[in-house]
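**Student:** Residue numbers (the numbering used here): 205 to 483.
Have a look at the structure that comes next, please.
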């Protein structure tokens, strides 16, 4: 099998192009591909889906190790290349927007695994789209912009910690696999990238409705530079006195900022908020 760089250069000589409007950068580094493979669950009995296969440099390896691989590609010019280079019984190419993909429509009640070099301009919406379908997945290995990876794995009390950190960590245990230099791609992006593994699981001890929980979380982070009391008052549309009562009952200092609260503390605030809202 050709190495990643030779495979990509051959297709580029044949006329393949990276479309900037779709955020395309072609991975050409075999070591990075090996890291992605090593972090993924390649089991013949577990269905797999790849988001944004591009020229298929990773697809061609995945398709060898699973009984069924779906590759989701929006760019029709890349679909033609994939069909010419990789078409086989184990690979099905879906020409569609990944944001419209329902995993149950693909593999029913089974649980599968997702791999993807996510377009950086829609990384967060894509992550949220598939985290909302976590009942259909056992895990994901994704390549994202390093800044996004920093937010995904961030802990309370750090600048990177925010709504995305909480949204991912409520649904999965994130693990940073490796950082990727711009030179691993053609054309080289202006940012560094990171491969992240997400092991999906229910968050232990989370006992509040997710919609209520994230309403409070988003309100808390709605004005990051302000205190939690001010942010919740503005974000939830309730007066500061009521917020003070909620935070006092939850055992949270209203002068703290949202980025210092753990998931458990946000859960407590949500529970007290809901109790008081129903009175």
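Glycine included, each C-beta is placed from N, C-alpha and C at the ideal position.
1. Leaving out the 5 sequence neighbours to the left and right, which residues in its chain are closer than 8 Å to residue 337 when beta-carbon positions are compared?
2. Using a 10 Å radius around the Cβ and a threshold of 16 neighbouring Cβ atoms, would you call residue 215 buried or exposed?
3. Output the distance between the C-alpha atoms of residue 449 and residue 469, rounded to the nearest integer angstrom.
4. Would you kindly check if the distance between the Cβ of residue 461 and the Cβ of residue 419 is under 8 Å?
5. Can you pull the DSSP bridge partners for residue 390?
6. Please state if the CB of residue 370 and the CB of residue 412 are separated by a distance shorter than 8 Å.
7. Which runs of the alpha helix (DSSP H) spanning at least 4 residues fall entirely within the region 319-364, listed in chain order?
8. Which same chain residues end up closer than 7 Å to residue 297 when comparing Cβ atoms and leaving out the 5 residues on each side of it in sequence?
9. Output the distance between the C-alpha atoms of residue 345 and residue 437, rounded to the nearest integer angstrom.
10. Short of 6 Å in beta carbon distance, which residues of its chain neighbour residue 264, apart from the five on each side in sequence? Order them along the chain.
11. Could you give the first and the last residue of the continuous alpha helix (DSSP H) run that contains residue 450?
12. If I follow the unbroken alpha helix (DSSP H) through residue 213, where does it start and stop?
13. Could you tell me which residues DSSP pairs with residue 372 in its beta bridges?
14. What did DSSP end up calling residue 262 once you bin it into helix, strand or coil?
15. Would you check if the distance between the CB atom of residue 341 and the CB atom of residue 312 is smaller than 8 Å?
16. Between residue 359 and residue 398, is the Cβ-Cβ spacing less than 8 Å?
17. To the nearest angstrom, report how far apart residue 377 and residue 347 are at their CA atoms.
18. Does DSSP put residue 466 in a helix, in a strand, or in coil?
19. So what does DSSP say about residue 397, is it helix, strand or coil?
20. To the nearest angstrom, how far is it from the Cα of residue 372 to the Cα of residue 400?
21. Rounding to the nearest angstrom, what Cα-Cα distance links residue 269 and residue 213 in this structure?
22. Name the DSSP beta bridge partners of residue 297, please?
23. For residue 325, count neighbouring Cβ atoms within 10 angstroms of its own Cβ and tell me buried if that reaches 16, exposed if not.
24. Excluding five sequence neighbours on each side, which residues of the same chain lie with their C-beta closer than 8 Å to the C-beta of residue 355?
25. Can you look up residue 305 in the DSSP assignment and give me helix, strand or coil?
26. Going by beta carbon distance, what residues of the same chain come within less than 6 Å of residue 459, once the five residues before and after it are set aside?
**Tutor:** Reading off the structure:
1. Residue numbering aside, residue 337 sits at position 133 when the chain shown is read from its first letter. Once the five neighbours on either side are set aside, the close Cβ partners of residue 337 are 306, 307, 308.
2. For the purposes of this step, residue 215 is taken as residue 11 along the chain shown, with counting starting at 1. Buried, because 16 or more other Cβ atoms sit within 10 Å of the Cβ of residue 215.
3. The residue given as residue 449 occupies position 245 in the chain shown. The residue given as residue 469 occupies position 265 in the chain shown. Going by the C-alpha atoms only, they are around 15 Å apart.
4. Stepping through the chain shown from its first residue, residue 419 is reached at position 215. Stepping through the chain shown from its first residue, residue 461 is reached at position 257. Not in contact: residue 419 and residue 461 (Cβ atoms no closer than 8 Å).
5. Indexing the chain shown from 1 puts residue 390 at position 186. Answer by DSSP bridge pairing, in chain order: 230.
6. Locating residue 412 in the chain shown gives position 208, where the first residue counts as 1. Locating residue 370 in the chain shown gives position 166, where the first residue counts as 1. The criterion of a C-beta distance shorter than 8 Å is not satisfied by residue 412 and residue 370.
7. Entirely contained in the region 319-364, the alpha helix (DSSP H) runs reaching 4 residues are, in chain order, 327-335, 350-357.
8. Locating residue 297 in the chain shown gives position 93, where the first residue counts as 1. Correct list, in chain order: 275, 277, 283, 286, 287.
9. Sequence index remark: in the chain shown, residue 345 carries index 141 (1-based). Sequence index remark: in the chain shown, residue 437 carries index 233 (1-based). Straight through space, the alpha carbons of residue 437 and residue 345 are spaced by roughly 38 Å.
10. Position 60 of the chain shown holds residue 264. Excluding positions up to five away in sequence, the list reads 290.
11. The sequence position of residue 450 within the chain shown is 246, counting from 1. For residue 450, the enclosing alpha helix (DSSP H) has its first and last residue at 444-454.
12. Within the chain shown, numbered from 1, the residue matching residue 213 stands at position 9. Run containing residue 213: 208-217, per the alpha helix (DSSP H) assignment.
13. In the chain shown, residue 372 corresponds to position 168, counting from 1. Answer is none; residue 372 lacks a bridge partner.
14. Translated into the one-based positions of the chain shown, residue 262 becomes position 58. In the structure shown, residue 262 sits in coil (DSSP, three-state: anything other than H, G, I, E or B).
15. Taking the chain shown and counting its residues from 1, the one referred to as residue 341 is at position 137. Taking the chain shown and counting its residues from 1, the one referred to as residue 312 is at position 108. No, these two residues do not count as a Cβ contact at 8 Å.
16. By 1-based counting over the chain shown, the position of residue 359 is 155. By 1-based counting over the chain shown, the position of residue 398 is 194. No. Outside cutoff.
17. For this step, residue 377 is matched to residue 173 along the chain shown. For this step, residue 347 is matched to residue 143 along the chain shown. Taking the straight line from one Cα to the other gives about 16 Å.
18. Looking up residue 466 in the chain shown gives position 262. DSSP, reduced to helix, strand and coil, places residue 466 outside both helices and strands of the structure shown, so it counts as coil.
19. Here residue 397 refers to the residue found at position 193 when the chain shown is read from its first residue. Note: residue 397 maps to strand in three-state DSSP.
20. As a first step, residue 372 is located in the chain shown; it is residue number 168 there, counting from the start. As a first step, residue 400 is located in the chain shown; it is residue number 196 there, counting from the start. So the two alpha carbons sit approximately 11 Å from each other.
21. Looking up residue 269 in the chain shown gives position 65. Looking up residue 213 in the chain shown gives position 9. One C-alpha to the other measures close to 24 Å.
22. Against the chain shown, residue 297 aligns to sequence position 93. Per DSSP, 275.
23. Residue numbering aside, residue 325 sits at position 121 when the chain shown is read from its first letter. Only exposed fits residue 325, as fewer than 16 other CB atoms lie within 10 angstroms of its CB.
24. Looking up residue 355 in the chain shown gives position 151. For residue 355, the CB contacts under 8 Å within the same chain, skipping 5 residues up- and downstream, are 364, 365, 366, 368, 369 in chain order.
25. Position 101 of the chain shown, counting from 1, holds the residue named residue 305. Under the three-state reduction of DSSP output, residue 305 falls in the coil class, being neither helix nor strand.
26. As a working note, residue 459 is residue 255 in the chain shown. These residues qualify, in order along the chain: 431.
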